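A.B. asks:
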Amino acid sequence: MNAIAMSVLLLCALSLFAGTMADRWWLLRAGAPGEPLGNVRERLRSLLVLGFGQQRLLLEKGAGWMHVAIFAGFIVIFTRTCTLIGRGFDADFHLPLLGGDLGLVYAAVKDTFAALVVVAIVWGIWRRLVTRPRRLHLNAEGVLILVWIGSLMVTDILADAALFTLEPGHPERGWAWLSTASMGLFDPGRPVATATWLHVHYWAHVVLLLAFLNFLPFGKHFHVLTALPAVYLRRLTPSGALEKLEFEGRETFGVGRLEDFSWRRILDMYTCTECGRCNDMCPADLTGKPLHPREIITNERDQAWDLADHLVNVGKLKAQGRSAEAAAAIAAKERPALIGEVNDEEAIWACTTCGWCVSSCPVMIDHIPNIIDQRRHLVMMEAKVPAALQNALRGLENNSNPWNAPSAAREDWIGDLPVPRMRDKGSAAYLLFVGCAGSFDSRNVDVMRALVQLLGKAGVDYAVLGREEGCCGDPARRVGHEYLFQMQAPLNIETFKRYDVRKVLTACPHCFNTIANEYPDFGLEGVEVIHHSELLADLVREGRLTLKPGADLKVTYHDSCYLGRHNEVYEAPRDVLGAVPGLTVAEMPRNRREGFCCGAGGGRMFMEEHLGTRINHNRIAEAAATGASEVCTACPFCLTMLGDAIKETDRGEQLRARDIAEVLLDNLA
Ligand code: SF4
Ligand code: SF4
668 MNAIAMSVLL LCALSLFAGT MADRWWLLRA GAPGEPLGNV RERLRSLLVL GFGQQRLLLE
728 KGAGWMHVAI FAGFIVIFTR TCTLIGRGFD ADFHLPLLGG DLGLVYAAVK DTFAALVVVA
788 IVWGIWRRLV TRPRRLHLNA EGVLILVWIG SLMVTDILAD AALFTLEPGH PERGWAWLST
848 ASMGLFDPGR PVATATWLHV HYWAHVVLLL AFLNFLPFGK HFHVLTALPA VYLRRLTPSG
908 ALEKLEFEGR ETFGVGRLED FSWRRILDMY TCTECGRCND MCPADLTGKP LHPREIITNE
968 RDQAWDLADH LVNVGKLKAQ GRSAEAAAAI AAKERPALIG EVNDEEAIWA CTTCGWCVSS
1028 CPVMIDHIPN IIDQRRHLVM MEAKVPAALQ NALRGLENNS NPWNAPSAAR EDWIGDLPVP
1088 RMRDKGSAAY LLFVGCAGSF DSRNVDVMRA LVQLLGKAGV DYAVLGREEG CCGDPARRVG
1148 HEYLFQMQAP LNIETFKRYD VRKVLTACPH CFNTIANEYP DFGLEGVEVI HHSELLADLV
1208 REGRLTLKPG ADLKVTYHDS CYLGRHNEVY EAPRDVLGAV PGLTVAEMPR NRREGFCCGA
1268 GGGRMFMEEH LGTRINHNRI AEAAATGASE VCTACPFCLT MLGDAIKETD RGEQLRARDI
1328 AEVLLDNLA
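Residue numbers (this note's numbering): 668 to 1336.
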């Protein structure tokens, strides 16, 4: 076309882009060091499945597929764009392998994707302007980008259509079917006008593309560039596990300003597409709390943009090892407080750590560590704790349980049942980790008593720690008191080691998650953790527990977030219920991966819920609507929340809440 014009364009556009990206890089370096990046094989697998494969978007119909079409179109058309830029220097330029027959096939595929992208874009604009789903913001940038991408497709197609009109014998004519079909827009009898249109569409395509590249780092569409790196660099540990905070050599704990976030959290800010999937089923958002996970990320990103010059400077100082100067620059910088002004403090406390946001985000943004880091700052740096939580923290410190019951009473739940203690037995196939709820909360004591009777009937070799057991540490850790958690966890681990424990059985998904996913960071090795639903399902399957016929019961099952979403145990509790003859399970609309939280996780069990409507009331209404007479669960916190909701909404006549162990015991032959 014109090599000089193309060279000047490329030089200007790429230098501008390189300058912006360098600033984004230094801004990233303003953050604290992140988690170590090992396991290349798993990262590549994630990149293939979650990045290029768009697995999370494929799980959804509608908008998810629309995005997949645009993403696939981008990849196919990127190849075409490279070819077009090459043709600025040499009119016959082809990428390697695309000069012959393969190039003809590619032309057909490229036109097909261009058509798909145009359809997806029209639909995307329709959704934004007409149907307007709750989760989408109506903003000009979203529409502008769709129009921009559409223009890239149209100019490409029309440039080829003009070319084929000028050169009817062009080999790609016919293969590039959309361009061929568009030839009618040009008059073969007016070659000069057609050649002008060819140049207009060609250069418009190239200029639009280079302008698009330079626009991306300034808005939510930065994700076009950062999503694949973010997927590759994502956290590989289970979503329920929090990162260990190292206390040695630090003066500050948690995150009280942007520079305290790890670079990974800043990359999250770059990558948020503002799609709103995280808000969609956030229990806090849906019940009127001031927490909206998307806005946590975008508020922080807005502040990062506002402080960009300062953060770039800090990033450069840190990279040069001038940490004292970086610290002085950070301390001197006046800015709105991260907690209180950028993020509402109530929002930080409203999170139940249910994991919906993390599991639904198509670009692997990790909201929970972001929120917990801010709680860590509030609790450990500012000693700011919601009033209702103070008694639970006192109980954890003094008696190793958030009910603040005397620790000597930890075995009282056993009563006259023949429950073996580890200190008497010395060893057992399973250590039954009872947990604080099973030990001290009267309703959950019933569940634990049912469970040990089932274990006894099935002849399972187990023992409990009794008064040697301490809180697993979940409540302390989730509310941000990492110091307290790091005092508690090693005590249990030491006890496990003393009895050479190989299998831990627990009826509490919070204990399950903490012991299985977090204790290994504190030295627990070679221990299998089993949830009671998994063992009970096995015992029924193996015929070690037999059931009597004639239950005639319709129940619904509520998924615990820490058992389901965080640890993917969805079927075992349903298998236990499904094994009872005459019992039917009516699923709630929000089940399994989309299960709705009970409101108790993240330490919320021990806080007041004074904003909006109650999360457990929302859930119990859904359970009642199934027409079931029981809502069953496999988590002590859920059981308490559902039981409370039944009482508070006057549904006691219609519905009761039970653990699966109680249902099973009631129906034993
Ligand atoms: S973890 Fe749950 S409650 Fe917390 S922000 Fe995410 S969706 Fe909302
Ligand atoms: S955090 Fe993830 S799910 Fe939420 S709006 Fe951003 S990209 Fe979408």
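Where a beta carbon is used, it is the ideal one built from N, C-alpha and C, also for glycine. The structure presented is a predicted model; accordingly, all values stated were derived computationally and were not measured.
Just the C-alpha distance for S929 and G1102, rounded to the nearest angstrom, thanks.
C.D. replies: 33 angstroms
A.B. asks: Using only alpha-carbon positions, find the residue among G851, F745, L974 and M948 that is nearest to L892.
C.D. replies: F745
A.B. asks: Counting only the same chain and skipping the five closest in sequence on each side, list residues whose C-beta sits under 6 angstroms from that of R1323.
C.D. replies: E1297
A.B. asks: Taking the alpha carbon of A995 as the point to measure from, which residue in P800, I1015, P1176 and G982 has its own alpha carbon closest?
C.D. replies: Comparing Cα positions, the closest option is G982.
A.B. asks: Are C939 and I792 closer than 9 angstroms when you measure CB to CB?
C.D. replies: no
A.B. asks: Can E1008 be considered in contact with ligand 2, in the sense that its beta carbon sits closer than 8 angstroms to one or more heavy atoms?
C.D. replies: No.
A.B. asks: What did DSSP end up calling K985 once you bin it into helix, strand or coil?
C.D. replies: helix
A.B. asks: Where D1219 and N1283 are concerned, what is the direct C-alpha to C-alpha distance, given to the nearest angstrom?
C.D. replies: 27 angstroms
A.B. asks: Within the same chain, show all residues whose beta-carbon is closer than 8 angstroms to that of V735, passing over the 5 residues directly before and after it, in chain order.
C.D. replies: Only Q721, L724 and L725 meet the Cβ criterion.
A.B. asks: Would you identify the three-state DSSP class for I1182, choosing helix, strand or coil?
C.D. replies: Helix.
A.B. asks: Strictly by DSSP, which residues pair up with I1006?
C.D. replies: Paired residues: N1010.
A.B. asks: Are there 16 or more other CB atoms within 10 angstroms of the CB of R1241, so buried, or fewer, so exposed?
C.D. replies: buried
A.B. asks: Would you mind stating whether L665 and G740 have Cβ atoms separated by less than 9 angstroms?
C.D. replies: Residue 665 is absent from the model: the chain starts at 668 and stops at 1336.
A.B. asks: CA-CA distance, F914 and N1180?
C.D. replies: Annotation: F914 to N1180 spans about 23 angstroms, alpha carbon to alpha carbon.
A.B. asks: Output needed for N669: all residues of its chain with C-beta closer than 7 angstroms, excluding positions within five of it in sequence on either side, in chain order.
C.D. replies: G755
A.B. asks: Going by other Cβ atoms of all chains shown within 10 Å of its Cβ, with 16 needed for buried, is S1106 buried or exposed?
C.D. replies: buried
A.B. asks: Return the chain-ordered list of same chain residues with a C-beta closer than 7 angstroms to the C-beta of H804, the five sequence neighbours on each side being excluded.
C.D. replies: Setting aside the 5 residues that flank it on each side, H804 is surrounded in the same chain by E941, each with a C-beta closer than 7 angstroms to its C-beta; the list follows chain order.
A.B. asks: Can you confirm whether the segment 1162-1179 touches the segment 1206-1214 when touching is taken to mean that 3 or more C-beta pairs between the two stretches lie within less than 8 angstroms?
C.D. replies: No, the segment 1206-1214 does not touch the segment 1162-1179.
A.B. asks: Can you give the Cα-Cα distance for V1146 and R1208, rounded to whole angstroms?
C.D. replies: 39 angstroms
A.B. asks: Report the residue from V1009, W1023, P1053 and L1191 whose alpha carbon sits nearest the alpha carbon of W972.
C.D. replies: V1009
A.B. asks: Determine the burial state of N1065: buried for a count of at least 16 other Cβ atoms within 10 Å of its Cβ, exposed for fewer.
C.D. replies: exposed
A.B. asks: Am I right that L845 and D778 are in contact with their C-beta atoms under 8 angstroms? What's the rounded C-beta distance?
C.D. replies: 4 angstroms
A.B. asks: Taking the C-alpha atoms as reference points, what is the distance between D1108 and D1079?
C.D. replies: 11 angstroms
A.B. asks: For N706, count the other beta carbons within 10 Å of its own beta carbon; 16 or more makes it buried, fewer makes it exposed. Which is it?
C.D. replies: exposed
A.B. asks: Measuring CB atoms only, is the segment 1295-1314 touching the segment 1222-1229, in the sense that at least three cross pairs come out at less than 8 angstroms?
C.D. replies: yes
A.B. asks: State the beta-bridge partners of I744 as determined by DSSP.
C.D. replies: Note: I744 sits in no beta bridge, so no partner.
A.B. asks: Considering only residues of the segment 1180-1245, which uninterrupted alpha helix (DSSP H) runs meet the minimum length of 4 residues and lie entirely inside it, listed in chain order?
C.D. replies: 1199-1208 and 1238-1245
A.B. asks: Under three-state DSSP, which class holds A1096?
C.D. replies: coil
A.B. asks: Pull up the DSSP beta-bridge partners for R657, would you.
C.D. replies: Past the edges of the chain, shown from 668 to 1336, lies residue 657, and the structure says nothing about it.
A.B. asks: Do the segment 671-685 and the segment 948-957 make contact, defined as three or more Cβ pairs closer than 8 angstroms?
C.D. replies: no
A.B. asks: Are there 16 or more other CB atoms within 10 angstroms of the CB of H866, so buried, or fewer, so exposed?
C.D. replies: So H866 ends up on the exposed side.
A.B. asks: For the segment 1241-1293, list the alpha helix (DSSP H) runs that are entirely contained and at least 4 residues long, ordered along the chain.
C.D. replies: Fully enclosed alpha helix (DSSP H) runs of 4 or longer: 1282-1291.
A.B. asks: Does any heavy atom of ligand 2 sit closer than 8 angstroms to the C-beta of H1034?
C.D. replies: yes
A.B. asks: Does the distance from the C-beta atom of L1121 to that of L1332 stay below 9 angstroms?
C.D. replies: yes
A.B. asks: Hey, is C949 close to ligand 1, as in C-beta under 8 angstroms from one of its heavy atoms?
C.D. replies: yes
A.B. asks: Decide yes or no for the touch test of the segment 1230-1237 against the segment 902-914: beta carbon pairs closer than 8 angstroms, at least 3 of them.
C.D. replies: yes
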